[in-house]
Amino acid sequence: MSIYFHCNFLKKNYKKEKKKVGVQMIKLYLPYTQDLIRVPYSEQDMYLIQAKGSGSIKIGVAKDCDARIKQLQTGNAVELRLIHVFKGYGNVERPLHKELKKFREKGEWFSYKCVGSLPVEIYEQIPYGALDSWWLSI
91 MSIYFHCNFL KKNYKKEKKK VGVQMIKLYL PYTQDLIRVP YSEQDMYLIQ
141 AKGSGSIKIG VAKDCDARIK QLQTGNAVEL RLIHVFKGYG NVERPLHKEL
191 KKFREKGEWF SYKCVGSLPV EIYEQIPYGA LDSWWLSI
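Going by the working numbering, the residue at position 13 of the sequence shown is 103; the numbering climbs one at a time, nothing skipped.
Next comes the structure, spelled out in structure tokens:
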């Protein structure tokens with residue numbers, strides 16, 4: 091049995107097993123690409139962090155989001171605030187980064203303007219007032 095055949099065989103069986111177990115899926119409509127994506131829930135959570143001054147938004151994943159913001163704050167001169175944690179949405183991060191690529195500033199950091207382009211299913215989970223003007227420097 092060739093390695094190629096074996097890998098494909100394993101992939102097919104893995105997909106069948108996932109269907110049997112009934113993996114819950116996250117459905118998102120991406121407005122710019124007009125794609126409807128379905129991704130399985132993840133062990134990791136997706137988070138949004140905002141930087142004071144610029145309002146830049148970091149979209150990342152972690153198992154412990156509180157520890158992650160402390161780690162990021164240690165190496166950052168500006169105040170960072172955890173906006174929201176999306177439980178089990180770790181698999182959504184990559185397609186979301188692709189969707190928001192025109193707002194990318196550097197790495198996983200995006201311009202504040204990306205907020206209006208978040209998929210509705212994500213935006214509606216952010217608590218009211220969490221993205222208010224707390225980050226503007228006076």
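For each residue, glycine too, the CB sits at the ideal point set by N, CA and C.
Cβ of Gly180 within 8 angstroms of Cβ of Gln134? Going by C-beta atoms, Gly180 is nearer than 8 angstroms to Gln134.
Could you give the DSSP three-state label for Glu189: helix, strand or coil? If DSSP states are grouped into helix, strand and coil, Glu189 belongs with the helices.
So, at 6 angstroms on beta carbons, what are the nonlocal neighbours of Glu211 in its own chain, with the 5 sequence-adjacent residues on each side left out? Within the same chain, Leu118 come within 6 angstroms of Glu211 by CB-CB distance, once the 5 residues on both sides are set aside.
Inter-residue Cα distance where the pair is Val182 and Leu226: Here the C-alpha atom of Val182 lies approximately 28 angstroms from the C-alpha atom of Leu226.
Go ahead and label Arg128 buried or exposed: buried means 16 or more other beta carbons lie within 10 angstroms of its beta carbon, across all protein chains shown. That one is exposed.
Output the boundary residues of the alpha helix (DSSP H) element that contains Asp79. Outside the displayed range of the chain (91 to 228) lies residue 79, so it cannot be described from this structure.
For His174 versus Ala220, is the C-beta spacing smaller than 8 angstroms? Contact flag set, yes.
Who does Pro121 pair with in a DSSP beta bridge? Per DSSP, Pro121 has no beta bridge partner at all.
Which of helix, strand or coil does DSSP assign to Gly150? Correct three-state label for Gly150: strand.
Measuring alpha carbon to alpha carbon, tell me which residue in Leu186, Gln215 and Ser223 is nearest Leu126. Taking the Cα of Leu126 as reference, the smallest distance to any Cα among Leu186, Gln215 and Ser223 is reached at Leu186.
In angstroms, rounded to a whole number, what distance separates the CA positions of Leu170 and Tyr213? Here the alpha carbon of Leu170 sits roughly 19 angstroms from the alpha carbon of Tyr213.
Closest by C-alpha distance to Cys204, when choosing among Ser146, Ala152 and Gln215: The residue with the shortest Cα to Cα distance from Cys204 is Ser146.
Whose C-beta lies closer than 7 angstroms to the C-beta of Gln215 among residues of the same chain, with five residues either side of it excluded? Excluding sequence neighbours, Gln215 sits near His174 and Phe176.
Evaluate Arg184 with the Cβ neighbour count: other Cβ atoms within 10 Å of its Cβ, from every protein chain shown; 16 or more gives buried, anything less gives exposed. Exposed, by the Cβ-count rule.
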